[in-house]
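To start, the structure under review is shown below, and the notes come after it.
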Amino acid sequence: MANKNISTLEEDVIALHKVNETFFNVCFSSPPNMEFGGNWDDVFKSPVPLVRASHLVPLLELQIVVIFVITQTGILLGPSIKDKSGKESLFPLLSQDAIGTASVFGYAFFMFLTGVKMDVGMIKKTGHKALTIGILSLVVPIICGLLTAFACAYVFKEEEDDKVFFVAATHSLTSFAVVSSLLQDLKLLNSELGRLGLSSGLVSDMINVIATSTASFIRVSMGTGQPIYKIYGDIFSLIAYILAVVFIIRPALFWIVKHTPAGRPVKDVYIYAIFLMVLLSGVLSDMFDQTVLLGPFILGLAVPDGPPLGAAIVKKFDWFFSGVFTPLFVTICAMKADLSSIGDDRKLLTLDIVLLVVTFLSKVMASFVPSLICKMPFNDALAIGFVMSSKGVVELASYSLFHDYKTIDDQTFAVLLVSVLIIAILVPSMVNYLYDPSRKYAGYQKRNIIDMKPNAELRILACIHSQYDVAPVINLLDVSCPTGGSPISVNALHLIELVGRASPVFIAHHIHEKVTFNVHFSEKVIGPFNQYQLNNQGAVSANIFTAISPSNIMHEDICTLLEV
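Take any residue in the sequence shown, count from 1 to its spot, add 358: that is its number in this note's numbering.
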């Protein structure tokens, strides 16, 4: 590279890239050019867009457009496709740092939003069934996978057995975000199966975070040769960060919630401050020799889920990062996979396939057997086994990350990516086939006024969407003329759209009198119905419930309450 003066506004940056086991330097200008280097006539006349590699910003925009045209099929843009003339023009080496950074930035915010939607306090309320399934669905496949890995490594005399153990361990993990996304897509979030899957997934994911962080420290200490004081410094720094999040940032976030008037939006200055903290948390976690994803995720857990703060953050950022940057990240991860490498090492390929099958089946059984012991129906128990074995974007990100760290080779990464694709197709189909939430209503065909006994209590379910529905419903109840001889029982269900959290909520206010979560949203419903009961003592009994769930599956909460 020729010598030249470097100004303060523009300088050459040297990046080290590897292609076909060959390392070489690539130079590009920083900051990148913000406009095209030609006119649009030249662009449309060319078989491939004439955007110079030095014009990184417009090239990045064009790459995003192409990726969304070929939605989340990064394999088609990766090294598996041999004709690379167009790809080299659209995805040159000079642009890979820019698009890679953009995709990781988006995925870091996706993990932050995942943490925001998670209610860690739900672990305390988790029953023995969910706790058992969450633990066993992680521990059993890891044990079975490692035992199989030891046996296969001994039989096949595999030298790179550390890669084999990695496949066994990572394929045994369960992600709450993937489980939640699956249940939401299948419209099962507020079903009995969905609530059990969410609780079990949360327990398993919390163990995942601890295990993954520990593994990262072990990888750094064994693979980089850093001095012991640096490793201990990283550990203490991470612990200090977690303590700061728990005892400083989280109380500050609750202060924001407390000082936001009911029904009023959170001030934008708080939202932007949290945005900056997410960026800083990614930098700090990288300094601790952790992934840039851990810091944002921990910060997300500290944000109070639901309205007003959690809902405001999700409404402002979720559509952009989950809808734009996460598909971009998935595509970039898939672009790294070279399917043609599958079969290069047939012995290692056999080991990978055996381990994937063993860990998947053992994970299904580890969730299936405890469910059967808890007297769940056979089909429902098998369905929860498949739910806990689902794979998605989180697993793909983990495999891509360890591929970048050279923990796994190209062939193993390609096999893992294909396994995620197969499981992502298989699991939803099996859950749909095994679990039918409507069958539990089959025995309630005669619950109507015609089949009631004379002078029996008339039980009415009143659905309330807002405080303005209360008065018309009470007026309608008055028309029934309740008396001591012909009483009515009113179950008032306040329906609230689920925003800013992943788990639906169902509150029976006459049972959980001390519950304060979201009571201020229902207090204008609770008060009038309690007063209506007092005004008609002996003739009217009223029970008030609050259901917080996605609008497209609110009917499940209505039907569930009708069963009572």
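Just so you know, even glycine gets a beta-carbon here, dropped at the ideal spot from N, CA and C.
### Query
Cα-Cα, which of S880, F887, K749, Q895 is closest to T904?
As a working mapping, residue 904 is identified with position 546 in the sequence shown. It is S880 whose Cα lies nearest to the Cα of T904.
### Message
DSSP has S907 in a bridge; who is on the other side?
### Response
Counting from 1 along the sequence shown, the entry for residue 907 is found at position 549. In the DSSP output, where bridge partners are listed per residue, S907 has E855.
### Query
Secondary structure at L816, three-state DSSP: helix, strand or coil?
By one-based count along the sequence shown, residue 816 stands at place 458. L816 sits in a strand when the DSSP states are folded into three classes.
### Query
Using the C-alpha atoms, what's the distance from V627 back to A897?
On the sequence shown, residue 897 is found 539 positions in, with the first residue counted as 1. On the sequence shown, residue 627 is found 269 positions in, with the first residue counted as 1. Distance between the alpha carbons of A897 and V627: 52 Å.
### Task
Taking E914 as the reference, give the member of Y890, L611, V863 with the closest Cα.
For the purposes of this step, residue 914 is taken as the residue at position 556 of the sequence shown. For E914, the nearest C-alpha among the options comes from V863.
### Message
What does the Cβ neighbour count give for L659, buried or exposed, with the cut at 16 atoms within 10 Å?
### Response
What you label residue 659 is simply residue 301 of the sequence shown in a count that begins at 1. With 16 or more neighbouring CB atoms inside 10 Å of its own CB, L659 falls in the buried class.
### Neighbourhood of G473 by C-beta distance below 6 Å, restricted to the same chain and skipping five residues each side
Here the question's residue 473 lines up with position 115 in the sequence shown. Taken in chain order, the residues that qualify are F655, G658, L659.
### Query
By a C-beta neighbour count over all protein chains shown, 10 Å radius and 16 as the cutoff for buried, is S787 buried or exposed?
As a working note, residue 787 is residue 429 in the sequence shown. Counting C-beta atoms within 10 angstroms of its own C-beta, S787 has fewer than 16 neighbours from the protein chains shown and is therefore classed as exposed.
#### Entry: Burial state of Y890, where buried means 16 or more other Cβ atoms lie within 10 Å
In the sequence shown, the residue the question calls residue 890 occupies position 532. Around the beta-carbon of Y890, 16 or more other beta-carbon atoms lie within 10 Å, marking it buried.
### Query
Can you pull the DSSP bridge partners for I822?
Residue mapping note: residue 822 aligns to position 464 of the sequence shown, counting from 1. Beta-bridge pairing links I822 to H852.
#### Entry: Reduced DSSP category for I865 - H, G, I as helix; E, B as strand; rest coil
Within the sequence shown, residue 865 is the residue found at index 507, counting from 1. Collapsing the DSSP output to three states places I865 in a strand.
### Message
Per the DSSP calculation, S847 is bridged to which residue(s)?
### Response
Within the sequence shown, residue 847 is the residue found at index 489, counting from 1. Partner residues in the beta bridge of S847, as assigned by DSSP, are R817, S899.
### Task
Taking 8 Å as the cut-off, decide whether the C-beta atoms of I700 and V778 are in contact.
Mapped onto the sequence shown, residue 700 falls at position 342. Mapped onto the sequence shown, residue 778 falls at position 420. In this structure, the beta-carbon distance from I700 to V778 does not fall below 8 Å.
### L471 to L784 span [Cα, whole Å]
As a first step, residue 471 is located in the sequence shown; it is residue number 113 there, counting from the start. As a first step, residue 784 is located in the sequence shown; it is residue number 426 there, counting from the start. Near 27 Å, if we compare the C-alpha coordinates of L784 and L471.
### Query
From what residue to what residue does the alpha helix (DSSP H) around F718 run?
Mapped onto the sequence shown, residue 718 falls at position 360. From DSSP, the alpha helix (DSSP H) with F718 extends over 704-731.
### Task
Tell me, please, whether the stretch 850-866 touches the stretch 530-549 by the rule of three or more beta-carbon pairs shorter than 8 Å.
Result yes; three or more Cβ-Cβ pairs closer than 8 Å.
#### Entry: Rounded distance between the beta-carbons of V537 and V745, thought under 8 Å
Position 387 of the sequence shown, counted from the start, is the residue given in the question as residue 745. Position 179 of the sequence shown, counted from the start, is the residue given in the question as residue 537. Correct: roughly 6 Å between the Cβ atoms.
### Query
Just the Cα atoms here: how many angstroms apart are L596 and V641?
For the purposes of this step, residue 596 is identified with residue 238 of the sequence shown, where counting begins at 1. For the purposes of this step, residue 641 is identified with residue 283 of the sequence shown, where counting begins at 1. One alpha carbon belongs to L596, the other to V641, and they sit about 12 Å apart.
### Presumed contact (8 Å Cβ cut-off) between I846 and L819, rounded CB distance
Here the question's residue 846 lines up with position 488 in the sequence shown. Here the question's residue 819 lines up with position 461 in the sequence shown. The beta carbons of I846 and L819 sit about 11 Å from each other, so the pair does not count as a contact at 8 Å.
### Message
Within 10 Å of its beta-carbon, does R704 have 16 or more other beta-carbons around it, so buried, or fewer, so exposed?
### Response
By 1-based counting over the sequence shown, the position of residue 704 is 346. With fewer than 16 other Cβ atoms within 10 Å, it is exposed.
### Query
Which one of P886, M476, I902 has the shortest CA to CA distance from V672?
Counting from one through the sequence shown, the residue named residue 672 turns up at place 314. When P886, M476, I902 are compared, the shortest CA-CA separation from V672 is found for M476.
### Nearest-angstrom beta carbon gap, V522 and A724 [assumed within contact, 8 Å]
Translated into positions along the sequence shown, residue 724 becomes position 366. Translated into positions along the sequence shown, residue 522 becomes position 164. Contact between A724 and V522 is ruled out by a C-beta separation of about 21 Å, above the 8 Å threshold.
### Task
Assign R326 to one of two classes, buried (16 or more other C-beta atoms within 10 Å of its C-beta) or exposed (fewer than that).
Given a span of 359 to 922 for the chain in the structure shown, any question on residue 326 remains unanswerable.
### Task
Can you tell me which of the three DSSP states P735 falls into?
Taking the first residue of the sequence shown as position 1, residue 735 is located at position 377. Assignment of P735 by DSSP, reduced to helix, strand and coil, places it in the coil class.
#### Entry: Inter-stretch contact at 8 Å, needing at least 3 Cβ pairs: the stretch 475-489 / the stretch 660-670
At 8 Å Cβ cutoff, the stretches touch.
### Query
Can you give the Cα-Cα distance for T765 and T528, rounded to whole angstroms?
In the sequence shown, the residue the question calls residue 765 occupies position 407. In the sequence shown, the residue the question calls residue 528 occupies position 170. The alpha-carbon atoms of T765 and T528 are separated by roughly 12 Å.
### Query
Excluding five sequence neighbours on each side, which residues of the same chain lie with their C-beta closer than 6 Å to the C-beta of P619?
The sequence position of residue 619 within the sequence shown is 261, counting from 1. Correct list: empty, nothing qualifies.
### Message
Check whether the stretch 675-687 and the stretch 459-471 touch, using three or more Cβ-Cβ pairs below 8 Å as the test.
### Response
Below 8 Å, enough C-beta pairs join the stretch 675-687 and the stretch 459-471 to call them touching: three or more.
### Task
Compute the Euclidean distance between the alpha carbons of I781 and S748, then round it to the nearest angstrom.
Indexing the sequence shown from 1 puts residue 781 at position 423. Indexing the sequence shown from 1 puts residue 748 at position 390. If I take the Cα positions, the gap works out to 6 Å.
### Query
Whole-angstrom Cβ separation of E554 and I742, contact assumed at under 8 Å?
In the sequence shown, counting from the first residue as 1, residue 554 sits at position 196. In the sequence shown, counting from the first residue as 1, residue 742 sits at position 384. According to the sequence displayed, residue 554 carries Leu and not Glu. Confirmed, about 6 Å.
### Proximal residues to S758 (C-beta, below 7 Å), its chain only, five neighbours per side dropped
Within the sequence shown, residue 758 is the residue found at index 400, counting from 1. C691, K694, listed in sequence order.
### Per-residue DSSP class, three states only, for Y628
Indexing the sequence shown from 1 puts residue 628 at position 270. DSSP places Y628 within a helical segment (H, G or I) once states are collapsed to three.
### Alpha carbon of L551 to alpha carbon of C821, nearest angstrom
Along the sequence shown, read from residue 1 onward, the residue named residue 551 stands at position 193. Along the sequence shown, read from residue 1 onward, the residue named residue 821 stands at position 463. Here the alpha carbons of C821 and L551 stand approximately 24 Å from one another.
### Message
List, from N- to C-terminal side, the alpha helix (DSSP H) runs of 4 residues or more that fit wholly inside the stretch 529-555.
### Response
Scanning the stretch 529-555 for uninterrupted alpha helix (DSSP H) segments of 4 residues or longer gives 534-543, listed from N- to C-terminal end.
### Message
Which same chain residues end up closer than 6 Å to L652 when comparing Cβ atoms and leaving out the 5 residues on each side of it in sequence?
### Response
Position 294 of the sequence shown holds residue 652. So the list reads S643, once near-sequence residues are dropped.
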